[in-house]
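**Q**
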Amino acid sequence: MDTDIDRTISTTLRAARLHRFGTRRMTRAHLSLQRRPSLCAALSAAAGEIARALGTQLSTEVTISTRCLDTAFRPDAQLSADAALLVLDLDACGGWAVLEIERPVLGAALDRLAGTPTRSTPIARLTRIEESAFGFLALVALKAARANEKVETLFAPRLRAVNPSRSEAKETIDGRVPHVGVLLSIRIGTVEGEARLFVPARVLQNAVQAEPHEPFHEIAPEILAATLTLRTFMGRSVLDANDLQSLRPGDCVLFDELRLEEGRLCGAGRLSCAGFDLFGDFSAAGFTFTRALVRTFPQESSMNEPQPNHDAPALPVDVEIELTRLRLTPGSYTHIR
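Numbering (the numbering used here), first residue to last: 29 to 365.
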C-alpha cells in the first residue's frame, strides 16, 4: 500500500505563444496630420475642454492628454476584451469611431458621479444604471468636444452605442480597414488610466486634407544624425549564358549609360538599401536624385524549399502560358472562324 503522504501533484502550464507584430505601418492619414501641426494642436485643445466639462460634472480635477500612435490598427483583432467601449458616428465625414476606456478609470468616474468612495477593484460588468451613467458622461464629453470649431466642422461626432460587446461593435464598424489610434491619458482625482480612440485612416485623411498644410520648419536632430548603409549600382550590360561562362580575368565588358569625367565614373545609377531605392545620376558634383522606389519588409517567414524525392515516380505536368485576355460580346462569337 502506498503511504507516501509527502507526494505532491504537479501542474503542467503551457506558455502562451507570442504573436509577431512585424514592422510598424503608417498610413497616409498619419502623414496628413504630421503636415498640419496647427490642426493637431486645435484638435488636442478639445481634450482640455472635455476635461474641464467632466471635472465640473464630477466635482474633481480631471486631466486628459492626447498622443497619436505611430502605427495603424485593425479593431477587429486589437480591441481590448476588458475595456468598456463607445461607438461614435462622425456625421461630418461619413465615418465612425470607437473609444475603448480602461475599466478602473471608468469606475472612478462612475463612483464620483454617484458620490461614493472609489472602489479598490475594477468593474467586472456594468449594470444598466451604470451604462446609463456612462452614456451621460459620454454626452457631456461630446458636448464639450463639439464646442471646438475644428471638431464640429471636420467630424461632428454623435453617440451611437454605449458599452456594446466586442462582437456588437465589430458588426457596427468595419474593423478590417486600417485605423489611426489616439492614446488618451486620463487622470480623475488620484486615479490614472488610459483610453484609445480608433478612427478609420481613410475617413480621417478625407476629413483633414482640405485643411492647409504647413512646411516642415525643423527636423529632429536624431533623424539628421541617423546613418544608412547604401549600395551603389551603376551601368548595365546584357550577357547571355555563353558569354557569362566564357569570361576570364582581363576581359572587358562594356557598360551602357556610363562615362568617365575627371577620373570619375558618371552616369545613371541607383542607391539601394533594405527598404528603398533611390534612382538618379552620378556626376562630378555628386548624386542627383530623380525618383524613389519603396520596398516593404515581408511579414511572412521564408518557406523552406522542399527536398526532391528521387524515389517518387516522375509525373507529367501540363504548363500553359497566358498570352493575353480578350473581352468579346456574345454576338461576336458567331463570326469566329
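Glycine included, every Cβ here is placed at the ideal spot set by N, Cα and C.
Going by DSSP in three states, Gly263 sits in which element: helix, strand or coil?
**A** Counted from its first residue, the sequence shown places residue 263 at position 235. Reduced to three states, the DSSP call for Gly263 is coil.
**Q** Touch check for the region 202 to 213 and the region 108 to 121: three-plus C-beta pairs under 8 Å?
**A** In short, these stretches do not touch, since the Cβ pair count stays below three.
**Q** Check whether the region 151 to 159 and the region 56 to 76 touch, using three or more Cβ-Cβ pairs below 8 Å as the test.
**A** The region 151 to 159, when compared against the region 56 to 76, does not touch it at the 8 Å Cβ threshold.
**Q** Count the CB pairs spanning the region 130 to 146 and the region 228 to 244 that are closer than 8 Å, and state whether there are at least three.
**A** As far as the Cβ criterion goes, the region 130 to 146 does not touch the region 228 to 244, which means the pair count is below three.
**Q** Can you tell me whether DSSP reads Arg298 as helix, strand or coil?
**A** One-based indexing of the sequence shown puts residue 298 at position 270. In the structure shown, Arg298 sits in a strand (DSSP, three-state: E or B).
**Q** Excluding the 5 residues preceding and the 5 following Arg174 in the sequence, name in chain order all residues of the same chain whose CB lies nearer than 8 Å to its CB.
**A** The count along the sequence shown starts at 1 and reaches residue 174 at position 146. The residues are Glu180, Ala184, Pro185.
**Q** Would DSSP call Glu10 helix, strand or coil?
**A** Only positions 29 to 365 of the chain appear in this structure, which leaves residue 10 out of reach.
**Q** Under 8 Å between the Cβ atoms of Glu128 and Ala223?
**A** For this step, residue 128 is matched to residue 100 along the sequence shown. For this step, residue 223 is matched to residue 195 along the sequence shown. Their beta carbons are under 8 Å apart, which means Glu128 touches Ala223 by this criterion.
**Q** Mapping the DSSP letters down to three states, classify Phe49 as helix, strand or coil.
**A** Locating residue 49 in the sequence shown gives position 21, counting from the first residue. Here Phe49 scores only 45 on pLDDT, less than 50, and its place in the model should not be relied on; the value that follows carries that caveat. In this structure, Phe49 counts as coil in the three-state DSSP scheme.
**Q** Tell me the residue span of the beta strand (DSSP E) that contains Cys280.
**A** On the sequence shown, position 252 is the one that residue 280 refers to. Unbroken run through Cys280: none, as it is neither H nor E.
**Q** Ile157 lies in the alpha helix (DSSP H); which residues open and close that run?
**A** The residue labelled residue 157 in the question sits at position 129 within the sequence shown. Where Ile157 is concerned, the enclosing alpha helix (DSSP H) stretches over 156 to 174.
**Q** Rounding to the nearest angstrom, what Cα-Cα distance links Glu290 and Gly308 in this structure?
**A** Taking the first residue of the sequence shown as 1, we reach residue 290 at position 262. Taking the first residue of the sequence shown as 1, we reach residue 308 at position 280. In a straight line, the C-alpha of Glu290 is about 19 Å away from that of Gly308.
**Q** Please classify Glu242: is it buried, with 16 or more other beta-carbons within 10 angstroms of its beta-carbon, or exposed?
**A** The count along the sequence shown starts at 1 and reaches residue 242 at position 214. Exposed.
**Q** What is the DSSP secondary structure of Ser108, counted as helix, strand or coil?
**A** For this step, residue 108 is matched to residue 80 along the sequence shown. DSSP places Ser108 in coil when its eight states are reduced to three.
**Q** Only counting the same chain, and skipping five residues up and downstream in sequence, which positions put a Cβ closer than 7 Å to that of Ala296?
**A** If you number the sequence shown from 1, residue 296 lands on position 268. Taken in chain order, the residues that qualify are Glu285, Asp309.
**Q** Between the alpha carbons of Ser108 and Thr255, how many angstroms are there, rounded?
**A** To locate residue 108, count along the sequence shown from 1; it is residue 80. To locate residue 255, count along the sequence shown from 1; it is residue 227. So the alpha carbons of these two residues sit roughly 38 Å apart.
**Q** Count Cβ pairs between the region 72 to 79 and the region 189 to 207 that sit closer than 8 Å; are there 3 or more?
**A** No, the region 72 to 79 does not touch the region 189 to 207.
**Q** Please determine whether the Cβ atom of Glu222 lies at a distance below 7 Å from any heavy atom of the ligand GDP.
**A** The ligand GDP is absent from the structure shown, which contains no ligand whatsoever.
**Q** Please state the DSSP three-state secondary structure of Gly203.
**A** As a first step, residue 203 must be located in the sequence shown, where it is residue number 175. Note: Gly203 maps to coil in three-state DSSP.
**Q** Looking only at C-alpha atoms, which of Gly278, Gly303, Met262, Asp305 sits nearest to Leu293?
**A** Locating residue 293 in the sequence shown gives position 265, counting from the first residue. The shortest C-alpha separation from Leu293 is found at Met262.
**Q** Return the CA-CA distance between Arg95 and Phe101, expressed in angstroms with no decimal places.
**A** Locating residue 95 in the sequence shown gives position 67, counting from the first residue. Locating residue 101 in the sequence shown gives position 73, counting from the first residue. Whole-angstrom Cα-Cα distance: 15 Å.
**Q** Hey, Leu71 and Lys178: beta-carbon distance below 8 Å or not?
**A** One-based indexing of the sequence shown puts residue 71 at position 43. One-based indexing of the sequence shown puts residue 178 at position 150. Yes, they are a contact pair.
**Q** Do Gly303 and Arg319 count as a contact pair if the criterion is CB distance below 8 Å?
**A** Looking up residue 319 in the sequence shown gives position 291. Looking up residue 303 in the sequence shown gives position 275. Result no, Cβ atoms of Arg319 and Gly303 do not sit closer than 8 Å.
**Q** Just how far apart, CA to CA, sit Leu306 and Thr218?
**A** In the sequence shown, residue 306 corresponds to position 278, counting from 1. In the sequence shown, residue 218 corresponds to position 190, counting from 1. Approximately 53 Å between the Cα atoms of the pair.
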